Amino acid sequence: MKKILYSLIIVTIASQFTACQKYFDVNSDPASPQSASLAALLPPVYSLIPAASFLDGRFSGNYIQNFVATTNDNYDFHGGNGGGAQAAQMWRTFYQSQGSSLNVIFEKGLKEEAWDYVGVAYALRAWGFQQTTDYFGELPFYDAWNVTGASVSAKYRYDKQEVVYKGIDSLCRLAIQYLGRTDGKVPLNDLQRGDLVYNGDRNKWIKFTYGILARLYSRSTNKSTYSADSVIKFCDLAMSNAADNFLVPFNATRNDDTNPAGPARNNFSGGSAVATVRRASRFITQLLDGTILNGSSIAANRDPRISRMLSISFDTSTITSTMPTLNGGYRFNILQTTGVGDPEVGATGGTTVGSPAFRRRVSLLYGDSTILNNGINVFGARSGKYVFQNGARYPVMTFHELQFLKAEAAFRRGRKDIALPAYQAGVAAHMDFVNFYTTTASGVNAINANERTAYFLTPGYKKTEATLFLTDIMLQKYIGDFGWNFTESWVDLRRYHYFDFDADTNDQVYKSFVIPFYSTNNQGPKPAYRFSPTNFSEFDWNIDEIRKLGGLNIDYHTYEMWFSQP
Amino acid sequence: MRRLIALGVMFSLTIALLIPSYAFAQASTISGTIISDDDGGALLGVTVTNKNTNKRTTSNEVGFYTLAASKGDVISFSYVGYSLKEVTVGDGKSYSLRLVQTDKDVNDVVVTAYGIKKSKRDLTYQAITVDGGEIAQTKRDNFINSLAGRIPGAMITSTTGMPGASSSIILRGPTSIDGTNQPIFVVDGLIIDNSAVESADRLPGGNANRNNDFGNRAMDINPEDIENVTVLKGPEATALYGSDGSNGAIIITTKKGTKGKATISYSNSFRFETVYRLPEQQKVFDQGSLGVTNPLLRTFFGQRVPDGVPTFDNIQNFFGTGKTQIHNLAIDGGNDLGTYRFTIGTFNNQGVVPLTSFQRYNFRLNTTFKLSSKINVTTSMSYINSRTDKALKGSTGFLVSLLTWPVDEDIKNFITPNGSRVKVRNDGGLEDDNPWWDVTKNKNFDINDRIQGNFQFNYDPLKWLNLNSTIGIDYYAGKGVLFVHPESNTGISTGGNITEYRNQQRLINGAFRATIRKKIGKFNNTIITAFTFDSRKEELNGVRGERLFDPNFISLNNTDPLTVATVTTNTNFNRMGAFINYSGTFKNYWTFSVSGRMDGSSRLIDPLDYNQADAFYYYWSAGTNVILTDAFKFPKEISYAKLRVSYATTGRDPSTPYVKGRRFIQSNTNGGGFQPAVTQGNPDLRPEFGQNLEVGFELKFFKNRLSFDFAYYDQKVVDQLIAPRLSYASGSILQWINGGDVTNRGVELQIKGNPIQNKNFTWNSTVNFAKNRNKILRMPAGLPQFYNSDTWGLGNVRNISREGGNIYQLAGNRFDRNANGDLIISATSGLPIRITGTGVSTGGGGFEVIGDRQPDFTMGLLNSFTYKNWSLSFLLDIRKGGDVFNGTEYLLYIRGASTKTLDRETPRIIKGVLNDGLQNTANPTVNTIAINPLFRSDYYTSGSIEEDFIERDISWLRMRDITLSYKLPTKLVKRQKVFKSASVFCTVTDAFMITNYTGADPSVNGNNASTRGGIGGIGMDTGNLATPLGLNFGLNVQF
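Chains X and S are the protein sequences, given in the same order. Every letter in the first sequence is one number past the one before it in the working numbering, and letter 187, counting from 1, is 188. Every letter in the second sequence is one number past the one before it in the working numbering, and letter 994, counting from 1, is 974.
So, in structure tokens, the structure goes:
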């Protein structure tokens, strides 16, 4: 009896000991994988781009006057984001959500010799650094993602923007190098599995990377090191037509797979991060209705793109004498302190549908009059207008943008012979781009050949080298970037210090761009040059670096960027 | 693995070494077994003294003793709480006897880790025991609440006063900034689950563990089944429990059957509850804004309510009388071969909040079998079914809405004849729901089915060897539903929604233990060695659907399939441990004890780089005590004096599994795919270690009629396992790291007195006192601060951990002040300027330390009197100091519903200087902007700050429970043949509270018990119902 008992106990204990191997091997979560395949890692990486670009664009979009809020708005007055939750998306996306995914792609891609994935990751990392530094200036480059050991230091040293720029250059070259390698261990079409944007076409990825380099080299127009030839060269190596455009797709069936710029997500109004409602600005409306480029907004002067990019108000007639020129009902918000009472503004007035004040309201960008707009939480790809559709492919980089970059560089190089065709190609490509979105939106027709021809006849569209000026290129670029390329537009405006003069025209490069009011925090009429990194990341947990930069000063956002300084 | 083998070898060698000494044992000895006369249970630790030779020994776990003695020697058997017995040695060698208990309160055997029984004399640490009867007598739904005041150094906080509310318990003080600080619960030697559903991450669209409360599962225990509860706080005690025990252990021993004829006992209790304390609502000013009455608003900044307008007592019209019925039936009996005890308990509580309730059905069978003279088996089985119907609390819960309900609107008018919601305000229904609507339409309930089983096998193959094997299982399946009606304020945007969870938790654990007791010379040696394992599996499936087809039908089938989201959470881990403990007693007055423990935890395994050695970690403890009264001669007034010191290190693995590796979360964006989780694992994580010292003494005077049990402790946890927020540049939002040191230092004292003791009248009194000082010595990774976002519930108030501060601190915004300390006043509004979370001006995110919830000290005062057949006992719970955030008042204030806004007709100038650029110069401009708050609602809204609602140094004296009972006289009982005994009682719980807190109840939790880290939302009172006053009466009979 005793013997049996003893041996039973010993056997029980011993079996437990030998079963150790299996016993402890339960530390992987059955509900979420501990590892993911490269193809499964890519899709979220893409979707994060529009989320970051657009959600932060809600704030930089006011600086650059893509839109203006209906009530007094800090960003309209070029106030800073103060490191809060606003304009915090790019920082978080780049370092955390997209950043951590890309880190895994590097790690796995190098191990598996999936060079195409590595190349894509390098390209996206370069893109991310570019966007992030252009918003925030100095940032952790070398210290980023540097977590080793159980007891980490919470300090992440910031690097100067020129260091970051050099880093972006190197990252792009690495990307091109890896994208060109065909000696990896995975099949050459493997990238196709996860690539929602280019369907695994490495050449398009290489072009995209050259596009990043073109943007990068175009930044230094104020510097002695500026090389227009490099910009032209990179533009030529980048996107050669609209088929090369980097566009992120959306299915628009529910919140998470719907374009953040679309009506279902309703990010222009309400929401916890946005207290005010953004509507089309005077600047973009007058660029398109002919006022700025052609001198008046009579029908003949209007850009055919206006009806495809902006939304018309309920009331298309002239209501009062304060609205001097009929432009077809494209009302706009103007930057002023009150925002009430002006028929061109009137957005806050009249909540009763059908009342004159209501009808005079400036439309939401995704259209609340002529365009079928189902509104919040109603999904469906065709709802909305232009890039502001639920299912619109969200642009990240386009052929037309690069044509304008090329035109600017060639112009600065004194090669109007290159600049003019690039400028014209840019305008034409942007019209195609606009038409690309009309095919998906409800109730919007494409720009037809007649409309095009008519526009090309207007004086604002330059047909000769002699009449082409920098201002023409930059304003067309602004139109081309409207609504999606917020960072690029902001870089441009900052490069031209918002109000830089064009000696050739004896006018501002950004003709008629005004900032009548500045936030008191700016301590003078100083426009915004940067955002502060979010306090959830930096003010709370990495404050020393912020302090070093002067980031605690209330006018920190007006500190000029390295790239815009001589 | 090699270490395990080594340990096994060590263990065998130790046994081998001891066997020869047994062989040399002397023959001229007497031996025997000492049992209690009451229940026949073996008495451990009875002092057996040969009065002729002065040789002493103590009885072992099975009551056995051996002692050198020759014929004619007088042997005394003494045992605290029992009458002394003396025997003269005759011819025989065996002297087994029964001792008669004299003092039922003194239970001198303490059940320590893994069911190891130890004589209290030999403990090197403090162990406080509470009698089960006392706990049951309070008739509370969650027995943890009845421990408040009964244990020095236990901070017990009920989340709310609603039925089925969770309760948190922290012993001595929180050591972990981010991990759990809850002790483990052990029933009959085995750990049971005490988790609470974590809703922030585990339920789709879940809330931050603030508004909903899922109970804590230890509340499934039927208090009537509890024999006693021992609370182990001392390091050496809990070290044996390994990782789980580092926060202390609540050791519950259930009642077992007693030998003899079967007895049936039945008890019942009927309870009536009423709301005891409520915040006040001002009834002078009407709804409106800026001094203009507007009945469509839910802010109360209008004109005075005109005379003659009919008003309603809405609060009265909402709360009801809570009613509880408790019935318990127990059948127990047995013979020499075995005993049994079968109990059925029902608990049915309807709360003071309409339609809230808590129901629990407990079935339990405890049996003991004696298979042979050397083997006995103890088993227990229990089944528990419980259901909680509850209302949401917090800033959007029913209470805040009730307190801001317009007095001229009848709260009972909440539903239109066609079933629609009646709204006060014209904002599309975004105002808070009418509480009646809320509780009627928004159904919120949990159901749990739980089975526990426990099997103990006890074998004494040799007189000096005891083998014990215990295996237990704890399994439950739960379901919870939160239904939000499409017309409710939180349901409008989603068209109504249903969140449902189902969880299954399975815990199997066991311990195999060998105990060797052997006397060598003047040393009584005990070696305990054990192998333990603990294997848990939990699966929680949370599903949420929106856009209800039918607004009232509660089923996920009633939601739009396109909106359905699910979250599945698995929490699996396996642990094992082995320990060896040696304790020796020299001449029966000096004891020393050394333990070593090895733990293995799957939580320390890197899933992608499996290395078994990673799982293991080691620590040790040592302690000693001297019974001075036995070692030296003392005046006769001092009956007992003991000094004790113990030191222990404790290791702890991460508080959740899967943090060593990376986790990928499913993406709902185009093309799906996976993304690394926001909380990143860390393959380099090490276990955290505590260093704990306890020094104490026990003193008893006047034949034990006055006793003191004092402990000083200093505990420190270094290199904590923590998942702090970091700069996103780390690639994560939260990252698991090791770092940060926290200490708790404090004293605990229990004084027991028996001032009066005579035939008819006795008076027993216990005083519990505790004082703890917590300090964060070092923050992890040099971080400036750490906070738990769950606590960030209202305004900008949240917990904060900072170097040099303590875990109890609260952070929030402050008004801006100049260098001189003057308030800086906005030149445009005339109101002070809040330094907000933008961080620009403060560089700290605008969060400064604004409160400290750590009490100065806590006390419990327990008195019981018996006079003939009457007995009266009461417990006073006293707390001195510690801040409380009165969030409810803050919410009422900013809505103009607080009585503190009644002085609004008095214009005023806020003292301060203007922010005109001169504020920091020598001559700042003094503010002269007059504000008439009647017309300036912003005086109360943007002009107020949460800091002003942190009430300082809150103390309380609360009558936790008071019981009067009467036992029917024996004569009376004997006249009939139905009852053997009978008694009736009346208990009032939470009879009154005297406090300087202006709100309702300072002892509530802004979160629920599932919030990890620090002390959670304790002392954050936002929309919490105070514990109601309850009147219980009932009877106990035995057949």
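In this text, a Cβ means the ideal position worked out from N, Cα and C, and glycines have one as well. The structure displayed is predicted, hence computed values, not measured ones.
Each of X/Asp473, X/Arg416, X/Asn260 and X/Tyr438 was checked against the Cα of X/Asn391, and the nearest Cα belongs to X/Asn260. Put simply, the CB of S/Ser806 is far from chain X, with every gap to its CB atoms at 8 Å or more.
Interface residue (Cβ-Cβ distance to chain X less than 8 Å): S/Gln671 is not classified as such.
Within the region 397 to 440 of chain S, the runs of alpha helix (DSSP H) at least 4 residues long that lie entirely inside it are, in chain order, 415 to 421. Across the structure, X/Asp508 and X/Ser443 are spaced so that their CA atoms are roughly 40 Å apart. Assignment of X/Trp116 by DSSP, reduced to helix, strand and coil, places it in the helix class.
When Cβ-Cβ separations below 8 Å define contact, X/Gln35 makes contact with chain S. If you compare the alpha carbons of S/Tyr481, S/Ile171 and S/Ile15 with that of S/Gly185, the shortest gap goes to S/Tyr481. At a cut-off of 8 Å between C-beta atoms, S/Met556 counts as an interface residue with respect to chain X. Counting only runs of at least 3 residues, the region 239 to 302 of chain S fully encloses the following beta strand (DSSP E) elements, listed from N- to C-terminal order: 240 to 254. Contact between the region 313 to 330 of chain S and the region 343 to 353 of chain S is present, with at least three C-beta pairs closer than 8 Å.
Inside the region 653 to 723 of chain S, DSSP marks whole beta strand (DSSP E) runs of 3 or more residues at positions 654 to 656, 668 to 681 and 686 to 698, from first to last along the chain. Residue nearest to S/Arg940 within the set S/Asp857, S/Val958, S/Leu872 and S/Gly979 is S/Asp857 (criterion: CA-CA distance).
Using a Cβ-Cβ cut-off of 8 Å, S/Phe559 is close to nothing in chain X; its nearest Cβ partner there is about 14 Å away.
In this structure S/Leu151 is in contact with S/Asn227, their Cβ atoms being roughly 6 Å apart against a cut-off of 8 Å. At a beta-carbon threshold of 8 Å, none of the residues of chain S lie near X/Glu139; the nearest stands roughly 12 Å away. Between the region 954 to 966 of chain S and the region 127 to 141 of chain S, the count of Cβ pairs shorter than 8 Å is below three; the stretches do not touch. Residues of the same chain with a CB within less than 7 Å of the CB of X/Leu494, apart from the 5 flanking positions on each side, are Ile65 and Tyr511 in chain order. When the five nearest sequence neighbours on each side are left out, no beta carbon in the same chain lies closer than 6 Å to the beta carbon of S/Lys951.
For X/Ala155, the chain S residues whose Cβ falls inside 7 Å of its Cβ are Leu706, Ser707, Ala761, Gly762 and Leu763, in order along the chain. Take S/Ile645, set aside five residues on each side of it, and the residues of its chain with a beta-carbon closer than 7 Å to its own are Phe654, Gln655 and Ala657, in chain order. S/Leu763 and S/Leu410 have their C-alpha atoms spaced approximately 39 Å apart. Less than 8 Å divides the Cβ of S/Thr636 from the Cβ of S/Thr551. Relative to S/Asn724, the option among S/Phe741, S/Leu757, S/Val747 and S/Asn740 whose CA is nearest is S/Leu757.
If you ignore the 5 residues before and after S/Arg992, its C-beta comes within less than 6 Å of the C-beta of Thr160, all in its own chain and listed in chain order. Short of 6 Å from the beta carbon of S/Val574, and not among the five residues preceding or following it, lie these beta carbons of its own chain, in chain order: Tyr562 and Ala602.
The CB of X/Tyr479 never comes closer than 8 Å to any CB in chain S; the least such distance is about 29 Å. Assigned with DSSP and collapsed to three states, S/Val90 falls in strand. Residue pairing from DSSP places S/Leu803 in a beta bridge opposite S/Arg797. Comparing alpha-carbon positions, the option among S/Asp802, S/Thr571 and S/Lys680 lying closest to S/Ile618 turns out to be S/Lys680. Beta-bridge annotation (DSSP): S/Gly1014 is paired with S/Phe965. Under the Cβ distance rule, S/Asn650 counts among the residues neighbouring chain X, one pair being separated by less than 8 Å.
Counting only residues of its own chain and dropping the five nearest sequence neighbours on each side, S/Gln1018 has a CB closer than 6 Å to the CB of Thr243, Ser245, Lys960 and Ser961. Chain-order list of chain S residues neighbouring X/Leu172: empty, with the shortest C-beta distance near 16 Å, by a criterion of under 9 Å.
Here X/Asp505 is exposed: its Cβ has fewer than 16 other Cβ atoms, across all protein chains shown, within 10 Å.
Using a C-beta cut-off of 8 Å, the region 1003 to 1018 of chain S makes contact with the region 969 to 984 of chain S, since at least three inter-stretch Cβ pairs fall below that distance.
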